[in-house]
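Residue numbers (the numbering used here): 333 to 542. What follows is a short report on a single structure.
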Amino acid sequence: MDSSAWGLLFQGAWTTAWISAVSIALGVVLGLIIALIRLARLPFIHQLLGTYISIARATPLVTLVLFIFLSGPTFGINLDRNVAAIMALTLNTTAFNAEIWRSAFNNFSNDQREAAMAVGMTPWTYFRRIMLPQTVITSLPNLVNEMSFLVKGSPAIAVIGIVDLTRVTNRISAVTYDPLPPILAAALLYMAIIDSWYGVSGSLNVRQID
């Protein structure tokens, strides 16, 4: 491949990376909020959020992308392609992240809570200084795995015309009639994006151990 092809691939990789990164950041935060709300077990809200999680986890990502982008005009809303892609990816990953957070909170040792209350800590102080930091560390491997799954599923956004890494690869293959080089290059770029998430996870874990 020539330099122009590599330039297009890097542009596609950048599009994949930043859309995935924004969706991941939103998904982690929203997933945490939903997990905490569900732990409160407010009857109607708990059931409503549980239904959302079940639907979002069961719906193919490409279907979710198409639904959000194409249903907008029905309600008089013309969504930008990038916004629609971020919304779809965020809705998908939030559902998985919420269950990861909820599982971590449910498995947290109650002994630490009793000890914190015994020394006079308020529930908020206990949550902020003891429960949340430890839950973040224990949840990190699963959260990073979910991040990698989202990046792998991100080619779904190409169906609404976003020129991501996969779409660029297809375009180059169509022009050169030699699909193997761009596919191999795209695979390496996807690996680089995903490995960066695992690198962040590893550095955080080492820092916690130190």
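Where is the CB? At the ideal position from N, CA and C, for every residue including glycine. No experiment lies behind these values; they were computed from the predicted model shown.
Here's a check: name, in chain order, each residue in its chain whose Cβ is nearer than 7 Å to the Cβ of residue i, leaving out the five neighbours to either side.
| i | result |
| --- | --- |
| I409 | none |
| A331 | Here the chain comprises residues numbered 333 to 542, so residue 331 is not present and cannot be evaluated. |
| I369 | I377, L381 |
What distance in whole Å lies between the Cβ atoms of residue j and residue i, which are believed to be in contact at a cut-off of 8 Å?
| i | j | result |
| --- | --- | --- |
| I521 | L482 | Reading the sequence as shown, one finds Leu at residue 521 and not Ile. That belief does not hold up - the Cβ atoms of L521 and L482 are roughly 16 Å apart, past 8 Å. |
| N288 | I351 | The requested residue 288 is not part of the displayed model; the chain covers only 333 to 542. |
| A448 | Y458 | 4 Å |
Helix, strand or coil: which one does DSSP assign to residue i?
| i | result |
| --- | --- |
| I366 | helix |
| P511 | coil |
| T498 | helix |
| I409 | coil |
| R539 | Residue placement at R539 is flagged as unreliable, the pLDDT there being 44, under the threshold of 50; a coordinate-derived value is accordingly withheld. |
| T391 | coil |
| M463 | helix |
| L516 | helix |
Tell me which same chain residues have a C-beta within less than 8 Å of the C-beta of residue i, skipping the five on either side of it?
| i | result |
| --- | --- |
| V507 | none |
| L411 | I400, F401, G404, M419 |
| W338 | A517 |
Whether or not the stretch 357 to 371 and the stretch 337 to 348 are in contact is what I'm after, with contact meaning three or more pairs of Cβ atoms, one per stretch, closer than 8 Å; do they touch? no
I'd like to know if the stretch 379 to 386 and the stretch 422 to 431 are in contact, where contact means that at least 3 CB-CB pairs between them fall below 8 Å. yes
Can we say the stretch 418 to 427 touches the stretch 394 to 405, given the rule of at least three CB pairs closer than 8 Å? yes
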